[in-house]
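Protein sequences appear in the order of chains A and B. Under the numbering used here, the first residue of the first sequence carries the number 173, and numbering increases by one thereafter. Under the numbering used here, the first residue of the second sequence carries the number 196, and numbering increases by one thereafter.
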Amino acid sequence: MFSYLANPARFDRFARIAIPVSGWLALGLIGVGLWYALFNSPPDYQQSETIRIMYVHVPAAWLGLALYMAMGVASFVYFVWRHPVADVAAASIAPIGAVFAALCLITGALWGKPTWGAWWVWDARLTSMLIQLLLFLGYMALRGALEDEKQAAKSAAILAMAGLVNLPIVKFSVDWWASLHQGASVIRLDGPTIDPSQLTPLLLMAVGMTALAGWMVLYRMRTALIDRRASAMQLVREASV
Amino acid sequence: MSEFFAMDGYAAFIWPSYALTALGVIGLAVFALSERHSAKARLAREEDEASDNSANP
């Protein structure tokens, strides 16, 4: 699939279909998901109504990690095979992943204050997720700081690949260290331990937000390809003057 | 209805969570749309220049 989409013309044909499909899917699923999250699900027996924060917190956390994974893989494909579309993908993902990682930390703080009594603790899960956010920001800063575009793309790809190491640390931090954060209750070897009445809004929101993130990434990638075409034409024009 | 908005006393934590998530997501979408707008305008300018140049070499 990677080599198929590496051709910009083929990517464009794919994106023209995938963009409206993911966009409408996102609107539908988030609409129904919000209805379940706010109106059609019970309060938790321990957390009361604050359980509803989870329906935006967990999708944001999942996307912060999944988008980083996608950015790291795209960077690897660019670094090894020099596919320009892979670099466009990594660059397009970065700000979207940064926003979701930040939303994960913010909504987590808004849940932590009433539940733990603190907005923030230097806990393994929270600290490793903060590092994930800083990796996104570092990637964007590095790309922006380097004048030469090829050099910027290469250096940023190395940073993105190195940052992949942090993903299993975030995921397993709750098992490896004594963490205040609860352990996994959805993605477990023995299946979800969360009640169906809470799993339904969570999955609707998670899949809906994923479709939305997919829409954003593909939309930004097409924009970047349009911009590159303009840059190429500008180079030709300036060379002919 | 007011009971719904009160969220059992946790309104000050739940509503900001949803509001900030909406702000982040809508902000990203608006950013993506405005980027497309300026990229298209830039490409149109370049295409104009290119056709002008080929008309009067």
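For every residue, glycine included, the Cβ atom is placed at its ideal position computed from N, Cα and C.
Note: A/SER220 is bridge-paired with A/ASP216 in the DSSP secondary-structure output.
Comparing alpha-carbon positions, the option among A/ALA181, A/PRO192, A/LEU282, A/SER213 lying closest to A/GLY386 turns out to be A/PRO192. Non-local beta-carbon contacts of A/ALA325 in its own chain, meaning distances under 6 Å to residues more than five positions away in sequence, involve ASP259 in chain order. At least 7 Å separates the beta-carbon of A/ILE268 from that of A/ALA242. Between the region 313-330 of chain A and the region 245-263 of chain A there are three or more inter-stretch CB-CB distances shorter than 8 Å, so the stretches are counted as touching. If you compare the alpha carbons of A/ALA378, A/LEU305, A/VAL358, A/LEU352 with that of A/GLY335, the shortest gap goes to A/LEU305. Interface with chain A (7 Å Cβ-Cβ cutoff): B/MET202 is included. Between A/SER369 and A/PRO214, the C-beta spacing is below 7 Å. With a 10 Å radius around the Cβ and a threshold of 16 neighbouring Cβ atoms, A/ASP320 comes out exposed.
The Cβ atoms of A/ALA281 and A/TRP294 do not sit closer than 7 Å to each other. The Cβ atoms of A/THR287 and B/TYR205 lie no closer than 7 Å to each other. A direct Cα-Cα distance of roughly 12 Å separates B/ALA201 from A/SER220.
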